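Asks: One structure coming up, written as structure tokens, with questions to follow.
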Amino acid sequence: MEALQIMAFWLWLERVGFRHVVYRMLQLPVLLINELADEALTALTCIVSDNPPPSSDHYNNSIPLTQNFMKKQISLQFLYANRQTAIEGIAKIRNEVCFRAMRDIMLNAISHRKISSSVSVSVPLPPPPLSFRSFDIMVDEGDQVPPEERAMFVTFSKGYPVQEWEVRDFFTINYGDCIEHFQMQEVEPNEQSLFARIVFRSASTIGLILRGQPRMKFTINGKHIWARKFIPKHPPSPQPPATTAAVAAVQLQSPPFYP
């Protein structure tokens, strides 16, 4: 995940005026690229932090290799001052470019993870990876859209059971960390779920998935699923109580009942 964030960060720098970043970087030795990647992590940590970097000379020079490579003025202060633009831009590039370009690599990693999870190995746990979930959260901070307007309804073919993790992995690989809530149809242990409701972090994800169509068909591990926007079923509005005049009119029109 960190590698995707770093690549998205470099591509975002290109879009905001730092020309040919990736092309020029490909001409560098691997060791130097690794050093630039470390500085990119420092920059990303600064962007998602709630606290601005100190305005000291030490922090002004905390990404010296990047400053020299870009050939333009760049600093942690500059990145923090433009953090909202950076967060939105990096998240968009990560979801629309990096995830799709590296889809096969991520599929292999997920497959390896599932195989490895069945093998018990006693090794020291590494430190937790740097979290960039703020990129997803902060993009949606001002987007107070109700969950039902950020929801999608997906259906599955009978006889071809689809597991929740398969659907989650599919959307995560293609659209990033976009799922807020996942609700699969509840069935008995020996029965197949035929539908699910997915609430995304942002309503814009639905537009990316449907691409202007009312319904889209996808293939997950050889099994078809259909996706459309979730349409909530609102209960019917209660009828207003009949007025005295209306009741009287009905009584006048109705024939008398004699036992």
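Going left to right, the sequence shown walks through residues 672 to 930 as our numbering numbers them. Glycine included, each C-beta is placed from N, C-alpha and C at the ideal position. Here the structure is a predicted model, which means the values were calculated and not measured.
Cα separation between Q676 and E859?
Replies: Roughly 41 Å between the two C-alpha positions.
Asks: Look up G688 in the DSSP assignment and say whether it is helix, strand or coil.
Replies: Note: G688 maps to coil in three-state DSSP.
Asks: Give the straight-line distance between the Cα atoms of G688 and F901, rounded to the nearest whole angstrom.
Replies: Cα-Cα distance, rounded: 40 Å.
Asks: Would you call R771 buried or exposed, if buried means 16 or more other Cβ atoms sit within 10 Å of its Cβ?
Replies: Label assigned to R771: exposed.
Asks: CA-CA distance, L702 and G893?
Replies: For L702 and G893, the distance between alpha carbons rounds to 41 Å.
Asks: Quickly, what does DSSP pair A679 with across the bridge? List them, please.
Replies: The partner list for A679 (beta bridge, DSSP) is empty, contrary to what the question assumes.
Asks: By how many angstroms is the C-alpha of V870 removed from the C-alpha of K818?
Replies: In the sequence as displayed, the identity of residue 818 is Pro instead of Lys. Rounded to whole angstroms, P818 to V870 spans 6 Å at the Cα level.
Asks: Quick check: what's the CA-CA separation for V825 versus G883?
Replies: Their backbone Cα atoms lie some 17 Å apart in a straight line.
Asks: What residue range does the alpha helix (DSSP H) around E644 cover?
Replies: Residue numbering for the chain in the displayed model covers 672 to 930; residue 644 lies beyond these limits and cannot be assessed.
Asks: On the CB-based measure, 16 or more other CB atoms within 10 Å of its CB, does Y694 come out buried or exposed?
Replies: Y694 is exposed by the Cβ-count criterion.
Asks: Would you call the CB atoms of P725 and L747 closer than 7 Å?
Replies: Contact flag unset, no.
Asks: If we define contact as Cβ-Cβ less than 7 Å, is E835 a contact residue for chain B?
Replies: Absent here is chain B; the protein component of the structure consists of one chain.
Asks: Span of the alpha helix (DSSP H) holding Q738?
Replies: Start and end: P735 to M741.
Asks: Can you tell me where the beta strand (DSSP E) with R839 in it begins and where it stops?
Replies: Run containing R839: none in the beta strand (DSSP E); it sits in the alpha helix (DSSP H), E835 to Y846.
Asks: According to the Cβ coordinates, are F982 and A708 closer than 7 Å?
Replies: Residue 982 falls outside the range modelled here, since the chain spans only 672 to 930, and no answer is possible.
Asks: Assign V816 to one of three DSSP states: helix, strand, or coil.
Replies: Looking at V816 - three-state DSSP - the assignment turns out to be coil, as it is neither helix nor strand.
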